[in-house]
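If you count the sequence shown from 1, you need to add 3 to reach this note's numbering.
Even glycine gets a Cβ: it sits at the ideal position worked out from N, Cα and C.
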Amino acid sequence: MKKKYTVTLTQEERQMLQAMLSRGKAAARKLMRARMLLKADAAAGGPGWNDDAIAEALEVGRATVERVRKEFVEEGLDGALNRRKPRREYTRTLDGDGEAHLVALACSQAPEGRSRWTLRLLADRMVVLEYVDTVSKDTVSRVLKKTSLSLG
């Protein structure tokens, strides 16, 4: 079966990877990926090993070798050797304004029949007052922890 992602290194790339390995002054992950690319090189003069042989020789998983091949083809040499920044973005439930409302609420008088605020009560009251659509008690806890606010 023909591989979907074929590694073909140029002479300059091959020399750079070999120099990096001979120096040995890089992160272990980077050096291991350089070894994988050199073994997988299907260009003229390259060994062109298959994934199973590389995985066995370097004592890594076959999926790791496949992933390095794919990253090399899609992102280039730099993308295959170096870590990339996460592509996901997290949306914050409470922005600065919401956090200010939460702290003000926590500092206010506890509800009728209660001696103090609980995290669940604060979360529920934030929703009732329509500062946020939903908020968990864990988010409330994190915000109050940042302010070093004591509810007791």
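Tell me which residues share the same chain as residue i and place their Cβ nearer than 8 Å to its Cβ, disregarding the 5 neighbours each side in the sequence.
| i | result |
| --- | --- |
| Met-23 | Ala-29, Lys-33, Leu-34 and Ala-37 |
| Glu-74 | Gly-82 and Ala-83 |
Can you find the residues in the same chain that come closer than 7 Å, C-beta to C-beta, to residue i, ignoring five residues on each side of it along the sequence?
| i | result |
| --- | --- |
| Asp-54 | Arg-65, Val-68 and Glu-69 |
| Ile-57 | Met-39, Lys-42, Ala-43 and Val-68 |
| Pro-172 | Residue 172 lies beyond the residue range present for the chain, which begins at 4 and ends at 155; the question has no answer from this structure. |
Suppose you measure from the CA of residue i to the CA of residue j; what does that come to, to the nearest Å?
| i | j | result |
| --- | --- | --- |
| Ser-25 | Arg-90 | 33 Å |
| Val-71 | Tyr-93 | 27 Å |
| Thr-142 | Leu-12 | 49 Å |
| Ser-151 | Val-131 | 25 Å |
| Gln-112 | Trp-120 | 8 Å |
| Glu-16 | Ser-144 | 51 Å |
| Glu-62 | Arg-95 | 41 Å |
| Arg-123 | Asp-98 | 19 Å |
| Ala-45 | Gln-18 | 15 Å |
| Gln-21 | Glu-78 | 20 Å |
| Ser-139 | Val-146 | 11 Å |
| Thr-9 | Trp-52 | 11 Å |
| Gln-168 | Val-76 | The first residue shown for the chain is 4 and the last is 155, placing residue 168 beyond what the model contains. |
| Ala-47 | Thr-137 | 60 Å |
| Arg-86 | Gly-27 | 18 Å |
| Gly-49 | Ala-31 | 23 Å |
| Val-106 | Lys-88 | 33 Å |
Give me, in chain order, the residues of the same chain whose beta-carbon lies closer than 6 Å to that of residue i; leave out the 5 immediate sequence neighbours on both sides.
| i | result |
| --- | --- |
| Tyr-134 | Gly-101 and His-104 |
| Leu-80 | Glu-16 |
Which term fits residue i, buried or exposed, when burial requires 16 or more other beta carbons within 10 angstroms of its beta carbon?
| i | result |
| --- | --- |
| Arg-128 | buried |
| Ala-60 | exposed |
| Ala-109 | buried |
| Ala-126 | buried |
Where do the ends of the alpha helix (DSSP H) carrying residue i lie?
| i | result |
| --- | --- |
| Asp-55 | 54-61 |
| Gln-21 | 14-26 |
| Glu-74 | 65-84 |
| Ala-103 | 99-110 |
| Lys-6 | Here Lys-6 belongs to no alpha helix (DSSP H), and DSSP marks it neither H nor E. |
| Arg-38 | 31-43 |
| Val-146 | 140-149 |
| Val-130 | 122-131 |
With a threshold of 7 Å (Cβ to nearest heavy atom), would residue i be considered close to the ligand ATP?
| i | result |
| --- | --- |
| Asn-53 | Among the components of this structure there are no ligands whatsoever, and the ligand ATP is therefore not found. |
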